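Novice: Submitted below is the structure of interest, expressed as structure tokens.
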Amino acid sequence: MTRDATEPAGRLIEVSGAVVRARCGVPVALAEVVWVGDERLIGEVIALDGDIATMQVYEETEGLCVGAPIAASGGPLSVTLGPGLLGSVFDGVQRPLDRLALSQGDFLGRGQHLEPLATDRLWEFRPTAAAGSTVVGGDALGTVSETPALEHHVLVPPMVGGTLVDVVPQGSYSASDVLGHVQAASGDRVDVRLVQRWRVRAPRPFRHHLPATTPLLTGQRVLDTFFPLACGSAAGMPGGFGTGKTVMQHQLCRWAQADVIVFVGCGERGNELTEMLWKLPDLVDPRSGRPLAERTILIANTSNMPVPAREASIYTGVTIAEYYRDMGYHVLLLADSTSRWAEALREISGRLGEIPAEEGYPSYLSSRLAAFYERAGRVVTLGGREGSVSIISAISPAGGDLTEPVTRHTQRFTGCFWTLDKKLAEARVFPAVSVEDSYSTVSIDLERWWHDEVSPEWAARRREALKLLEHAGQLRNTARLVGEETLPDRQRLVIRVAELFEEGFLRQSAYDVKDASCSPARQMRLLSLLLEFYHRGLDALDRGVPVRELFGLPIVAALARASSAFGDDQIAELDRLGTVLVEQCGAAARSEPDAA
Amino acid sequence: MTAIAGVEYVGLKALRGPLAFIDAVPGLSFHDQVELTAPDGTVRAGRVLSISEKAAVVEIFGPTDGLKLGNTRLRFEGSPLRLGVGRELLGRTFDGLGRPRDDLPPPLVVEERAIEGVVINPCRREYPRDFLETGISAIDLLTSVVLGQKIPIFTEAGFPHDTLALQIVQQARAPGVEHFAIVFAALGLPRSVALRYEEAFRTSGALSRMVAFMNLADDPAAERLITPRCALTAAEYLAFDCGMHVLVILHDITNYGESLREVSAARGEVPSRKGYPGYLYSDLASIFERAGRIKGRAGSLTQIPIVTMPSGDITHPIPDLTGYVTEGQIVLDRGLERRGIYPPIAVLPSLSRLMSDGIGAGRTREDHEDAARQLYAACARVERARSLESIIGRDELSEGERRYLQFGELFETTFLRQDPNQARSIEDTLSLAWTLFAELPVSDLTRLSPPLVARYLEAKR
């Protein structure tokens, strides 16, 4: 922000909704941030033609007139990075909504600008680097305890390197303070501050990628066991309205095993954000024992807020995620939903009069999506730490049609696909993840982790269960035509066991105190129990026990309720259930008159 | 208000549908209000849709037939479209642009507000949790509504949705709320339907606590885009400035969407699905997101929009995008309607997103959540049994499936069916639900917690 902002760079010549044009006397750059009109609305240059600049405006443009001044900022759209991000609420261009509420009241006015991070807040800084040492971008100068659970490393910005001339002693510093100076080989002297800025549309650099080998546990059985996400990978979650996308995103926000969560509410409902603001402070992070709000950064550009800011919001989110990754943390970015982001893109493209590709979307939709998902990854940072950004994005396909452009392109760039099914949702089976239409391409990379950390049998059991569920799906189609009663008992057993799987494994209530999250050990135990019942059931059938009788055993109801009856600390109870299972199935087989 | 206020301009360059094109006027601002006077002296309202150095486009809210390019006068107001608000709006009926339609003088207003409204800072919203009892069992138990929610009725042509909307307006109750203020917006309604509403409001005595904005089927399409915004500006004033609890009925959002498409086409915009503009979602959101509650303010703004699904297609862009913005939906069903069940609410596709935090002990009753889940599960089994029956016949069904067929009939005739004048308390509704559960084997009642079964089911047996 070096340019003199008092001199207008140009004057408006056209206003049509969120896109405006100006004739500029001073040359502006593509992607440069501008202030539009007397109210200084935030805008960004999106096209240049001679001295005419086309801009998208991040605030309501009502009341702008031809001739209104444009001021150039001298820089591209950037975010402010530093301690104080955790627990904050921002809009799509990083205006601090929580602090705006204090200073401006209940409604969002126009031209209200506040520094994203409070400048009057002091942070206790402890230097870890010594003056005279050689530093490169990504090296830590020192640390700040941003929350009791998270050490915030103050990093030398990327692209900066040389000799650390000096570093301030331990003490309290504010966001604007300079903490040290780096002398580059070229002779330039660079200030290192407590906060730094980074342009949102450019990925922050790192040394190199690492392969996906550890799961990003979500506590949700159907995901962790059947369609696992790896640390540093991306997942798409399409679902029509009412299929539970939002509840699922909220569940992931609570239970995912990440150090930092960036939640981007992109063109969604205001009340959903309010719900999170209301609930997060009371929820405790099981890993740190601290309120979940402390590890969460909310970016809220609700559906009624200006559309261009919605387009910017996912970039703001992913840049903040990369910043914490660079400190060596595992960050999860939840985007709800990328469809609304794509619609923002479409809307602006339409106003520019660009030739549309499919369904009015611009032809660059897929390359923009690819560029966004490629910012996920597990990496070695510039400073030599290991960190990751994982992305889970909800998709709201128009009419629930999974062949629409946003869903289809997302499928090409993500390794996990969790399809939420309307039929399951209508039957109130939540999470409504369809086993038939979901997949994870990284499950094979994660087998080693499960083998070492949970059970050597994980991969085999998982495959067997998936096969059983798929087989049951085919048999159900047949049963729908001829009636279940006419199928042979072994096939009916498959159908009934699959139903038991739905009830006792796939179904997991977000509101169940014991079961809202499920540890890998308990997931494995429940999986084994249900498969054990299937095997014993097959034995019993061989000994002449009819399916009807088998499913009259009390153990069946116990298995159906086991996931909500016994929590993560009650694995022993599940083991006991396994013993009862063997006894009851055995007794049923023995009581059969024609048993050997 | 700017220097352009009161400036007059004569002559148009072009006319296309509801759009008038004029030369550039210095000082004219985007979305400014315009008054157009035809050579015959008739007056129409309009607003500026785009401005440039050379020209401006004005959207006319009124018939443009018969207008000529020359001799037409424009007068600029120098401010965006506004509505005068005040308590005196109550009891009055306006046209789609907020002008009195009841032959009474204009109401006394305390201030003029831009109809586009302002965005509530999400951090200042109060999470809606207070149960709104409609007295309709299917809604109260299964898709419970809370104060400040937006929940549409998805319906089809010829269904009794207006009866249902009126019943909700009539019976709505909430702890500590004496009366709801009602804001009604007719969006492209046929005269006959609008008259039915007016008559019902008059006979029920609700008129004194309601404000109506009437845009009828033969009113101009461009005006229809303004009507819901006028209605919500009035509703916001009553809710957030006067502390009233306001119910807003918007009927019919589908007509609104059609008008948006019509105006968009006239502007030559690139269409997306089915010819609707790409900003349909954002535009609908700018209406629906005006529902809610605000921290530290007493009132609430609850929206019940009515959406006619074209050919009963729930995936049509208008119901589809509405469903993505609103907090649930109440879906009416053709099968039920044909069987003469009122209200014909389809249980499974209906949903209320704000339900779980608004019900339970201290709000409705401790067994509400479990009872709702159990009823959903039972209805899902009824559905399965019915589809099986239609393929293999009743005789081939298992005993369990036949029991659910019977359960389905009992559910529809004793629980779902309700007289349009009958209000059931939530206690009565829950009691009916437990009577139904008593018809099912205990082993099927997996959604009910054992202590609740002991307390409520034993009483029924």
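As they're listed, the protein sequences go chains A and B.
The opening position of the first sequence corresponds to residue 156 in this note's numbering, with each subsequent residue numbered one higher.
The opening position of the second sequence corresponds to residue 69 in this note's numbering, with each subsequent residue numbered one higher.
By construction, the Cβ of each residue, glycine as well, lies at the ideal position given by its N, Cα and C atoms.
As the structure is a prediction and not an experimental result, all values here were calculated from the model.
1. Okay, do the stretch 502-515 of chain A and the stretch 225-241 of chain A touch, 3+ Cβ pairs below 8 Å being the bar?
2. Can you grab the Cα-Cα spacing for the pair Val316/B / Val402/A, in whole Å?
3. Which same chain residues end up closer than 8 Å to Phe280/A when comparing Cβ atoms and leaving out the 5 residues on each side of it in sequence?
4. Give the interface partners of Pro417/B over in chain A, defined as CB-CB distance under 7 Å, in chain order.
5. If you pair each beta-carbon of the stretch 492-508 of chain B with each one of the stretch 441-454 of chain B, do three or more pairs fall below 8 Å?
6. Just mark Tyr519/A as buried or exposed, buried being the case when its beta carbon has 16 or more other beta carbons within 10 Å.
7. Take Gly428/B and list the residues in its own chain whose beta-carbon comes closer than 8 Å to its own, dropping the five residues that flank it on each side.
8. Would you mind giving the Cβ-Cβ distance between Ala369/B and Ala274/B, rounded to the nearest angstrom? I have them listed as a contact below 8 Å.
9. Should Pro131/B be flagged as near chain A, meaning a C-beta pair shorter than 8 Å?
10. Given this structure, state the Cα-to-Cα distance separating Gly316/A from Gly391/B, to the nearest angstrom.
11. Shortest alpha-carbon distance to Arg390/A belongs to which of Ser672/A, Cys673/A, Ser595/A?
12. Quick one: residues in its chain with C-beta nearer than 7 Å to the C-beta of Pro86/B, no 5 flanking neighbours on either side, listed in chain order?
13. Counting contacts by CB-CB distance shorter than 8 Å, is Cys298/B in contact with chain A?
14. Could you name the residues that DSSP lists as bridge partners for His485/A?
15. Can Leu257/A and Leu219/A be called in contact, C-beta distance under 8 Å?
16. Using beta carbons (cut-off 8 Å, strictly below), is Asn189/B in contact with chain A?
17. List in chain order: all unbroken beta strand (DSSP E) runs of 3+ residues lying wholly within the stretch 234-284 of chain B.
18. Under three-state DSSP, which class holds Gln474/B?
19. Are the Cβ atoms of Asp320/B and Ile374/B separated by less than 8 Å?
20. Taking buried to mean at least 16 other C-beta atoms within 10 Å of its own C-beta, is Gly192/A buried or exposed?
21. Who are the Cβ neighbours of Asn323/B in its own chain at under 6 Å, not counting the five residues just before and after it?
22. What do you get for Ala750/A, buried or exposed, if any count of 16 or more other CB atoms within 10 angstroms of its CB means buried?
23. Let's test the definition: count the other Cβ atoms within 10 Å of the Cβ of Asn139/B and tell me whether it reaches 16, buried, or not, exposed.
24. Quick one: what does DSSP say His755/A is sitting in, helix, strand or coil?
25. Which residues, in order along the stretch 174-197 of chain A, keep a beta-carbon less than 7 Å from a beta-carbon of chain B?
26. Who does Arg115/B pair with in a DSSP beta bridge?
27. Leaving out five residues before and five after Lys274/A in sequence, what residues of the same chain have Cβ atoms less than 7 Å from its Cβ?
28. Put Asp230/B into one of helix, strand or coil per three-state DSSP.
29. Write down the C-beta distance between Ala454/A and Ser468/A rounded to the nearest angstrom, noting that I regard them as a contact closer than 8 Å.
30. Which chain A residues are close to Glu224/B, counting only those with a beta carbon under 9 Å from its beta carbon?
31. On the DSSP bridge list, what partners appear for Gln338/A?
32. Could one say the Cβ of Gly95/B lies closer than 8 Å to chain A's Cβ atoms, at least one of them?
33. Where DSSP assigns a beta bridge to Pro517/A, which residues make up the other side?
34. Alpha carbon to alpha carbon, how far is Val175/A from Arg195/A? Give it in angstroms, no decimals.
35. What is the DSSP secondary structure of Asp644/A, reduced to helix, strand or coil?
36. Alpha carbon to alpha carbon, how far is Val450/B from Leu447/A?
Specialist: The answer reads as follows:
1. no
2. Approximately 27 Å between the Cα atoms of the pair.
3. Cβ contact annotation for Phe280/A (same chain, cutoff 8 Å, sequence separation greater than five): Gly297, Thr298, Val299, Val309, Val323, Gln325, Gly326, Ser327, Tyr328, Leu334, Leu349, in chain order.
4. Glu581
5. yes
6. Exposed, because fewer than 16 other Cβ atoms sit within 10 Å of the Cβ of Tyr519/A.
7. Glu434, His436, Glu437
8. The residue asked about is misnamed: residue 369/B is Leu in this sequence, not Ala. Not quite, the Cβ-Cβ distance comes to about 17 Å (not below 8 Å), so this is no contact.
9. no
10. 52 Å
11. Here the sequence assigns Ala to residue 390/A, which means Arg is not the residue at that position. Of the listed residues, the one whose Cα sits closest to Ala390/A is Ser595/A.
12. Glu127, Ile128, Thr132, Pro288, Ala289, Ala290, Val331, Ala334
13. no
14. Paired residues: Ser543/A.
15. no
16. yes
17. 249-257, 278-284
18. helix
19. yes
20. Flag for Gly192/A reads buried.
21. Excluding residues within five positions, the ones whose Cβ falls inside 6 Å are Leu255, Gly256.
22. At Ala750/A the pLDDT is 47, less than 50, meaning the model places this residue with poor confidence and gives no usable figure here.
23. exposed
24. An answer regarding residue 755/A cannot be provided, because it is not within the stretch 156 to 751 covered by chain A.
25. none
26. Gln101/B, Glu127/B
27. Sequence check: residue 274/A is Thr here, not Lys. Around Thr274/A: Ser329, Ala330, Ser331.
28. helix
29. In the sequence as displayed, the identity of residue 454/A is Ile instead of Ala. The pair is a contact, with the Cβ atoms about 5 Å apart (cut-off 8 Å).
30. Near Glu224/B there are no residues of chain A at all, since even the closest Cβ is about 17 Å away, more than 9 Å.
31. Thr318/A, Arg344/A
32. yes
33. Pro511/A
34. 14 Å
35. helix
36. 41 Å
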